[in-house]
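To start, the structure under review is shown below, and the notes come after it.
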Amino acid sequence: MTRITFYKGLREIGGTFVAVETENAVCMFDFGFAVSGRCDDSVRLRRESIVEDYVRIGMLPAADGIYGEKQAACLGLRPYGQDGKDRFFFISHMHIDHMGGLGMLAEQMPVYMSEDSLRLYRRLAAMDDIQVLAHENCIGIPYGQSFSRGNITVEVLQIDHDVIGASGARITTPDGTIVYTGDYRFHGFHPEATRAFGETCRGADVLITEGVSVSFGDVDMLSLTEPEPNIPTEADLQQEMAAAAREKTGLIVINPYNRNVERIHELIGTFAAAGRTLVMDPVQADYVAEFYPEDPICVYEKTLNGRSVPGNFRVVTLSEILDAPERYVLQLDYQDQYALLDLKEQVSVYYHMDGAPLGSYEESYQKMTSLLEYLGIPYEYKGLGGHARPYFLKWMADTVAPKTLIPLHSFRPEQVNSERAGQRILPSEGQTVVLERGECRLETA
Ligand SMILES: [Zn+2]
Ligand SMILES: [Zn+2]
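Its first residue numbered 992, the sequence shown is counted upward by one per residue in the numbering used here.
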């Protein structure tokens, strides 16, 4: 018998935490922070009890078998390594709501992820761009390959999302096959990977899918027969940026999310073709150089923040930009917003491209836009987001055609539906679904 327990992240966007348990192994995914209205960056973290505090305010799950001895004892939980089962994690991608808690796990816990996710994770840790602690015992698996622990086998499959290294998993136990999508989209650089994911996983017993895009309004998914028109793609965005690079007369500032490394790599070429050099902060530059070592890398002297950079990075000075603003595009993280004070006369436009603060629901968002307004800098939103539109969520469920569909990672998971799914289960927090001979039922207490 396989038990699938749904701890967190069911009716919220973030903090998905599910455990697939057999007689001898437990595969868990993902391990990000739940969105907690009780957490505030203005409150000092208590270094000696970060794990305990995060669990106690609901940012991390109160679960047995995952934390170290000291933390587990304080929380009244069973620590890692004491139930005789082979416990491990699979992490779908490097977004904070899916991986932010990794450093809080017991040190010995094996954590699997795609090879590219691990490459990015190592750089995040090296650049101090990580939540408090880095987890050491991580294992990278190339796309398309699988690994086994106990009687659970996990196949790591590429899926397209707005972060490099994104993957989903096909998990096989003696009782059946469980597919977990992680986050995905069809408007990115690799829609064919998302399609292949669905086709490869056709006929799975269980499909656990994200449902972010049906969170914010009424959607009758079963009535959707074709995609909505004109969904902007990453390719469209590159074209828009090419046009802007040619038409704008001054400096262009962009605020992308630095983990969407492929977008930045493409932008370097797009801007170069339009006669402009993309100048980055050293953290963004590091991620690009890790994955695209052939790219010419330019960093801005005013956002070095005391970091030294490799000799093959070119440092661009403020006076170079002041002399010829029309020849540059500046990538600016929100943390470096005051760099605009030196450049406000030269900036033609500020493009917000999925960087932090992510949206108007974040407190800093109003502050960002109000500073831009004060400086007289035009603001334009040029984000794409990373989540499949509702028609495509249905496409995924229709294509996999699972015996059991389990939507989560959505404010309204009940809006994710498919006529081709045998049944749908909407578990609530803490509930367990039992999988036996390919069939699922909700466990009753
Ligand atoms: Zn994501
Ligand atoms: Zn997510």
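Note that beta-carbon positions come from the ideal geometry of N, C-alpha and C, so glycine has one too.
Keep in mind that this is a model prediction, so the values were computed, not measured.
Can you tell which of Ser1299, Glu1371, Met992 has the C-alpha that lies nearest to the C-alpha of Thr1164? Met992
Check whether the segment 1001-1019 touches the segment 1138-1146, taking contact to mean three or more Cβ pairs, one atom from each stretch, closer than 8 angstroms. yes
Indicate whether His1378 and Glu1201 have their beta-carbon atoms separated by less than 8 angstroms. yes
Tell me, please, whether the segment 1412-1426 touches the segment 992-1003 by the rule of three or more beta-carbon pairs shorter than 8 angstroms. yes
What is the DSSP secondary structure of Asp1044, reduced to helix, strand or coil? helix
Where does the unbroken beta strand (DSSP E) through Ala1016 begin, and where does it stop? 1016-1020
Integer-rounded CB distance, given that Asp1153 should sit under 8 angstroms from Arg1176: 7 angstroms
Name the residue from Arg1078, Gly1049, Glu1371 whose alpha carbon lies nearest to the alpha carbon of Leu1228. Glu1371
Return yes when at least one heavy atom of ligand 2 lies under 7 angstroms from the C-beta of Ile1004, else no. yes
Can you give me the start and stop residues for the beta strand (DSSP E) that Pro1381 sits inside? First-last for Pro1381: 1381-1391, but that is the alpha helix (DSSP H), not the beta strand (DSSP E).
Lys1358: first and last residue of the uninterrupted beta strand (DSSP E) it sits in: Per DSSP, Lys1358 belongs to no beta strand (DSSP E); it is in the alpha helix (DSSP H), 1354-1366.
Kindly identify the DSSP beta-bridge partner or partners of Phe965. This structure cannot speak to residue 965, because the chain is shown only from 992 to 1436.
Between Pro1070 and Phe1008, is the Cβ-Cβ spacing less than 8 angstroms? no
Buried versus exposed, by CB contacts within 10 Å (16 or more), Gly1056: buried
Tell me the rounded alpha-carbon separation between Glu1219 and Glu1098. 46 angstroms
Just checking His1400 against ligand 2 - is the residue's beta carbon closer than 7 angstroms to any of the ligand's heavy atoms? yes
Quiz: which residues have CB nearer than 5 angstroms to ligand 1 non-hydrogen atoms: His1086, Asp1174
Less than 6 angstroms between C-beta atoms, sequence neighbours within five positions excluded: which residues of the same chain meet that for Tyr1248? Asp1345, Gly1346
When the distance is taken between beta carbons, is Pro1273 closer than 8 angstroms to Val1300? yes
Met1212 beta carbon less than 8 angstroms from that of Lys1385: yes
May I ask which residues mark the beginning and end of the beta strand (DSSP E) holding Lys999? 993-999
According to DSSP, is His1086 part of a helix, a strand, or is it coil? coil
What is the rounded straight-line gap between the Cα of Arg1193 and the Cα of Glu1146? 14 angstroms
Does the contact criterion of 3 or more C-beta pairs under 8 angstroms hold for the segment 1392-1402 versus the segment 1429-1436? yes
Going residue by residue through the segment 1259-1302, where are the continuous alpha helix (DSSP H) segments of at least 4 residues, counting only ones entirely within it? 1273-1282
Could you give the DSSP three-state label for Pro1398: helix, strand or coil? strand
Just to confirm the assignment, what range does the beta strand (DSSP E) spanning Asp1314 have? Asp1314 -> not in any beta strand (DSSP E); alpha helix (DSSP H) instead, spanning 1309-1314.
Bridge partner(s) assigned by DSSP for Asn1246: His1343
By alpha-carbon positions, which one of Asn1303, Ala1117, Gly1367, Glu1311 ends up nearest to Glu1292? Glu1311
Cβ-based neighbour list, Glu1257, same chain, cut-off 8 angstroms, excluding 5 preceding and 5 following: Phe1180, Glu1225, Gln1229
Would the C-beta of His1089 count as close to ligand 2, meaning under 7 angstroms from any of its heavy atoms? yes
Could you pull out every residue in the same chain whose Cβ sits closer than 8 angstroms to the Cβ of Ala1276, ignoring the five residues on either side in sequence? Ile1288, Cys1289, Val1290, Val1300, Phe1304
If you follow the alpha helix (DSSP H) that Glu1106 is in, where does it begin and where does it stop? 1106-1117
Run through DSSP, which three-state label would Gln1122 get? coil
Ordered along the chain, which non-local residues of its own chain (more than five positions away) have a Cβ less than 8 angstroms from that of Ile1041? Met1095, Val1123, Leu1124
Contact set for Cys1129: own chain, Cβ-Cβ below 7 angstroms, skip 5 residues either direction: Val1102, Met1104, Leu1109, Tyr1112
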